[in-house]
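First up is the structure itself, then whatever we jot down about it.
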Amino acid sequence: MKGNWRLASFVLAALGTVTVTASANQTTPVRGLHDNSPTLVALQNATIVTQPGEQLENATLVIENGKITAVNRNNRAPDGARIVDAAGYTIYPGFIDPYSNYGVPEAGSAERYRRDRPAQYDNQREGGNASNDAIHAQVRWVDHLSYQSDQAKSLIEQGFTAVQSARMDGIFRGQATTVSLAEDIPNNLVYRAQGYQFSSFDKGSSTQQYPASLMGSIALIRQTLSDARWYNDAQGRTLSGGGVLEHNAALSALSNLSERGVVFEADDEQDVLRAKAVFAEFDVPVTFVGSGYEYARLEDMRSTESQFILPLNFPAAPDVSAQYAELDVSVADLRHWERAPGNPAMLADAGIDFAFTLHGLDDRKDFLSNVRKAVAHGLEPQTALAALTTNAARIAGIEDKSGRLSAGYHADFVVSRGDLFSDGEIVSVWTQGKEHRIQPMHPTRFTGTYDLNIDGQTFELALEQGRSISGKLSRGDESVDIARVSGDTHEVRFVVNMDTFDLDGVYRFSLQTHSRDALSGSYTDARGNEQSLRAERQGEPESRTAERAEAGNPEYVSQLTFPNIGLGLTEAPQQQNFIIKNATIWTSSDAGVLENADMIVRDGRIRSIGEGLSTPRGYSEIDGSEMHITAGIVDEHSHIAISRGVNEGTEAITSEVRIGDVVNPDDVHIYRSLAGGATVAHLLHGSANPIGGLGQTIKLRWGQNAEGLKFKETPPTIKMALGENVKQSNWGITNNRYPQTRMGVDAIIHDFFRTAQEYEQARADYDNLSRRERNRTAPPRRDYRLDALVEILNGERHIHAHSYVASEVLALMSTAEELGFNIHTFTHILEGYKVGKEMAEHGARASTFADWWAFKIEAFDAVPYNACAMMEQGVLTSLNSDSNDLQRRMNIEAAKSVRYCGMDEHEAIKMITLYPAMQLEIDDMVGSLEEGKHADFVIWNNHPLSAYAQVQQTWIEGVKYFDREADLENRERIQIERHALIQKILAEGDSARRGAQNGYKPEQPSWHCDSDHDVWNHHLLNTQLDSGHQHQHSHGGQH
Amino acid sequence: MKYALSLLAASVMAAPALATNIVPGSEQSTPILLQGGTIFTVTEGRVEGDLLLEDGKISAIGSNINTPADTRVIDISGHHVYPGLIALDTTLGIIEISALRATVDTNEVGSVTPEVSAHTAYNADSEIIPTIRYNGITHAQVVPQGNLVRGNSSLMNLDAWSHRDALVQADVGMHVSWPAVGINQSWWESRSPEEQRRAQQQLRDQLNDVFATARAYSDAQQAGVQQREDIRWEGMRGLFDGSKRLFIHADDRRQISQALDFSAEQGIDIVIVGGRDAWMLADTLAEQNVAVIFGDGYGLPAREDDAYDTAFSTPAKLAEAGVDFALAYPGYWDTRNLAFAAGHAVAFGLDHDAALYSITMAPAKLMGVEDTLGSIEVGKSASLVVSRGDILDPLTHSVEYMFIDGRMVQMTNKQRQLWEKYRQR
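These protein sequence lines map, in sequence, to chains U and F.
Numbering-wise, the first sequence is residues 1 to 1039 according to the numbering used here.
Numbering-wise, the second sequence is residues 1 to 425 according to the numbering used here.
Here you go:
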């Protein structure tokens, strides 16, 4: 065989450039000649990895007409086949990328927000599209497919032969198609016409206002999936309430989603859980495109029982080269730099199936080296191969066509020199039986020393082949450098001045590879005579011993904590049974303040409180002498622990959005608030619209995931808002949204509640139909926006209404009374002192600021006597923070009512414990220290209202979540870890700086009530953002 | 329901519930003896005794003071007496309502505005100011805002008919915002790290240019060769003859470091304002004798991994290292929380006396008025407050009397008047 390998490889190289193929002619008329070139090829003597874990040595792969016809263990090639000698080469199945946008047109980018342009609320309706421009569900990307040579080439170079592809734009992105990367008409490229629907939370190029927040995107998905169900259900039935069912192509395309599932691109591991939750409501299976952060919540990822598509965009290390540059770098980012390459291995160890994607890589050329990095970080090479082939084929819906080397499969494969998962390199990639040569298959290594005969004399030629070739010609002690060297893979040409050797003039040489042991060619002497020449190699040519890849065993200097930031916990704190002795206990109950009292905590509940209690057997004792104990602080109005947007402030009524969908358990303010004695926070939607989103009460169980934080027994709540924010007074944008006045605020609230009543009636009417009529009639479309209002009307959901001035407060109560609902709690309510009587009559409660005022005109009549004044008028009053800063020191806010209006100290404590608990209707569980209630309490080293008080410990349900002593000890640990990681980066030098340049989670701003911007388009509508970097002394930020 | 307060506002003054205009206190005409209080002199310890105020000055401290015949005696037994608190780095009187642009006079056009002086825009009738006095603050430094060379701050007394009457010290110092440092990785920062670094360098270059030009102008004036006035560089002349202080607003460690280098290069003494990271450089600041106006007493940690109490414990760390520092509460309406922020610093390790010093004598020195204000000493201005108890603790803080230069200040304000009004309803 050795004699003709050169020929074979030349022929194939030529074939690779032939564009006409036999298969192109199925329906295309042939002009000119018919191409009937033979396609039978046998790659012989190869190591063939037929699928992950199955490897044949010295075998033959036979292909014909774009398909694999046989994998011959006996290494036999069929008669008449063109033979490719693949001795020393490994053949892998071609790689498949299940998440790509190859071959489809790109989306335009969202136009930059312009202040002088009115906000766009509606979209252009055409062809039965959805009412929101982020939904492209009806698009079938196969209809837009074309061959893209540059894109195909860059994918093929990394070993890919097929991709699942759709445009990555919007929330529902349309149906993907799985296609070959071969060069051909699209008709011949399609492996699967209708693949997955792609999806994400990002509205992409849509310039429509809604949704501008993460919770808005989730709400839109929920409503859309519900609509799709309803639309499907309503086909062929009369509509309740009359009318004709609209044609809606987008909803129609989503009707069978629960059978087909979606591929969902998640921005981080929290988004995985959020998407899982909303799609699960409609039984839609989800395959996730991961972020590389999955390892941080591995158990949660496993609990999704989903498969993943992982990008390998490992981040470049943060730049810590300059002194103190590390001041801008968090431990979380340093950790992620170290551990991101270990993400695939950790998922594999957790039993999670995944494929790899090129998506997200800054430079596709980094792909294979990043696969190897993943292997070095513990990923089994076999698993890595599965991620590139069989798993990917399954996700792309082509496991019966591609992804393994087996008869009947497409001839899609990768030929490599060496093990691809250690130091091998791809020499060629075959798509549908056609070779794409990346490197010469058997390149000549000219390097070596050769004996040769020139003009009858014996010379020695030493060649060195690096990026170029250099060398010396020598005879005995004399030697001359060869010059003007040129050549290619099989030939080297050069000139030598032969004067040194007493030969006349400059000779020209040309040598080709002849065999492994010799070069042959000719030279031309000074007189123009050509002489043939043969150069025999001294010794064996250097050969590479193929290194078998093995999973590495990485050593990390970083911790992995919950959440995975510097202040996270390495292990979950445990519930304890104990007694606190001899403390001053502020019970927030009728029992008052007890001196020298004891409190027994069992199973997370308060067992008893009193003097001289005896310690139950096995209980630990906490010495409370000199200490004060209060109930944990409850904050009626908080915006901590919320991801990407506190306002869906685009539309006036957004009661379909839910803070509960976007709880962020990684927010360090959870910990900081614990350190200030807070245990419960009511997370509210912002105040950008009259009826905002649904609230979520959490317990500050630091370390738990979003679900674990939720205080699920809390009755449902909703945010409403009045005044300047709602009428966009300080937004600085072109104001074209209704309402722009307090009159309009009142009117739109009235209008929507009226509509909700009608909606409820329509649903009731439907339920009252006879079974036969129900079968003929489509049920009323479910409207999540109105559902929430119906719950309010039925007293099942409590309103927390952001409000400032007396007029708007009275107007809202009048409207509520007229329509038959109740304003449960007014929040902020700075002019409550003016209308306390009416509030008390209405049955409203109040949660106010201690002393904020003068930051806008509607806060100019605010008084620090407000809490006292409202209480005097019979309104149950609490204090709220609306601020991650204030939430850490609500005791001082409470003390201000003692300072300004002489409030009883115990009452002041109740304003931050019992009273807010009553406003959330959770006072049967928390808010005071009484037998049977949750053991949520704070240990202070001083009178809890004093400036000199410092929180020592904070407990939730008998679990200690904050301990000042432990905090002090932990500081050193964080510093040690931080510097170890910085050292590791510095020691790695430039290579640490390779990788994704935006590879870390973006910093979240401090959310305020009126932080209103589009988190997808990054259009700041109202910039009250501050961050660690831009922290201003804006103690007077707007609320 | 048990909403009723068991005790309400025992100390509420029995003032008529009329919304009257709040008239500045009239000049002291008769001697006043404050009898029987605990006097926190700040410089000479605590004195249990009496305090005699005459002609706007403190004329005697102690017991058995001989009082003139017409002395008005006020019994303050059980109460505490403090020097009037001095609030640094505020925008009092130059912002009324931050969201209403028309009421905001803090930022002039351009990044180099050394010609402006804050007191010229100070509204002595601001509704905010009486609420600030209510919590024991008698004087405030009013500071222009801006992103590079902001202009001049002035020290005002907080009970006056006009800004002329209010002015204690005009143009006490020039304020510079040190250019940003570090890399902002937030999604709302659209510039690349390299662009950010370049922009920062440009600002530092600009600052150096401004100082070079201003110094050349000053030298030319000195030599009598400068023919025409340039109001901008005129405003900076005082920096080069030592008659005006240079306040550099710097929070990040690297900003403070660069500001110290700048001070050395320019040969101009500086005061660091803000000083969020000053604790990291406490030893250097003490060694170089650079004062700090720390403005972040209740601050959030600047960085995710920072200890939760980083800002709270900074005053204690500065004190321990021997840094000369004052505590400020930058803002306008919220500046009234200055005393509580000092108390908070005590909760996190600062000595009580040091906390009091940091809002009285330390600011007086930085404003150059330590001979008249900042402590209770014979011969000093009778600018002081009488509180029911410890002024640093909201539980006991209750200012019953305030005197500014011996003038008795009305302790009511718009907020009290509104409250009283609606109690009539």
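Virtual Cβ for every residue (Gly too), placed ideally from N, Cα, C.
Just so it is clear, the structure is predicted and the values come from calculations on it, not from any experiment.
| Query | Result |
| --- | --- |
| Cα-Cα separation between R125 of chain U and Q208 of chain U, rounded to whole angstroms | 12 Å |
| Whole-number beta carbon distance between L709 of chain U and S673 of chain U, since they are thought to touch under 8 Å | Their Cβ separation, rounded to whole angstroms, is 12 Å, which puts S673 of chain U and L709 of chain U out of contact at 8 Å. |
| Residues that W853 of chain U contacts on chain F, provided the C-beta gap is smaller than 7 Å | W333 |
| Minimum C-alpha distance to N866 of chain U - residue among U:A778, U:T524, U:A846, U:Y759 | U:A846 |
| Inter-stretch contact (C-beta, 8 Å, three-pair minimum) for the segment 44 to 55 of chain U and the segment 83 to 100 of chain U | yes |
| Helix, strand or coil at F509 of chain U [DSSP, three-state] | strand |
| Coarse secondary structure for I629 of chain U, derived from DSSP in three states | strand |
| Cross-chain neighbours of V566 of chain U in chain F, by beta carbon under 7 Å | According to the sequence shown, residue 566 of chain U is Gly rather than Val. Chain F residues near G566 of chain U: E304, D305. |
| Beta-carbon gap between T561 of chain U and H628 of chain U smaller than 9 Å | no |
| Exposure of R335 of chain U, with buried meaning 16 or more beta-carbon neighbours within 10 Å | buried |
| Three-way DSSP call (helix, strand, coil) for Y833 of chain U in this model | helix |
| Residues bridged to A535 of chain U (per DSSP) | U:L519 |
| Pairwise C-alpha distance: W940 of chain U and K910 of chain U | 16 Å |
| Identity of the residues DSSP links to H802 of chain U by a beta bridge | U:A721, U:T827 |
| E64 of chain U - partner residues in DSSP beta bridges | U:K67 |
| Candidates U:A549, U:E808, U:R76: closest to G378 of chain U by CA position | U:A549 |
| Members of the segment 369 to 403 of chain F near chain U, C-beta cut-off 9 Å | D390, L392, D393, P394, L395, T396, H397, S398 |
| Interface residues of chain F facing Y671 of chain U [CB-CB closer than 9 Å] | Y308 |
| Extent of the continuous alpha helix (DSSP H) run through V210 of chain F | 193 to 223 |
| Beta carbon proximity, H279 of chain F to chain U, threshold 9 Å | For the sequence presented, residue 279 of chain F should be read as Trp rather than His. Judged by the 9 Å Cβ criterion, W279 of chain F is not in contact with chain U. |
| Cβ-Cβ distance between E1003 of chain U and W187 of chain F below 9 Å | yes |
| Chain F contact residues for R971 of chain U, given Cβ-Cβ distances below 8 Å | A307 |
| Contacts of V863 of chain U in chain F (Cβ-Cβ under 7 Å) | Q415, L418, W419 |
| Residue interval of the alpha helix (DSSP H) (run including E299 of chain U) | 298 to 303 |
| Span of the beta strand (DSSP E), counted from its first residue to its last, around H249 of chain F | 245 to 250 |
| Beta-carbon neighbours of L92 of chain F, restricted to chain U and to distances below 9 Å | Neighbours of L92 of chain F on chain U: none; closest Cβ ~11 Å, over 9 Å. |
| Classification of M871 of chain U by the beta-carbon crowding that lies within 10 angstroms, buried from 16 upward | buried |
| Cβ of N184 of chain F within 9 Å of any chain U Cβ | yes |
| Pick from U:G292, U:Q575, U:K581 that is closest to N998 of chain U, judged by C-alpha positions | U:G292 |
| Cβ pair L366 of chain F, V271 of chain F closer than 9 Å | yes |
| Beta carbon of S200 of chain U nearer than 9 Å to that of A266 of chain U | yes |
| Contact check, I86 of chain F vs Y332 of chain F, beta carbons under 9 Å | no |
| Within chain U, partners of I446 of chain F - CB distance below 9 Å | Shown here, chain F extends from 1 to 425; a query on residue 446 of chain F therefore has no answer. |
| Cβ pair D667 of chain U, N564 of chain U closer than 9 Å | no |
| Any 3 or more C-beta pairs closer than 8 Å across the segment 132 to 140 of chain U and the segment 165 to 175 of chain U | yes |
| Runs of beta strand (DSSP E) lying entirely within the segment 353 to 408 of chain U, each at least 3 residues, in chain order | 354 to 357 |
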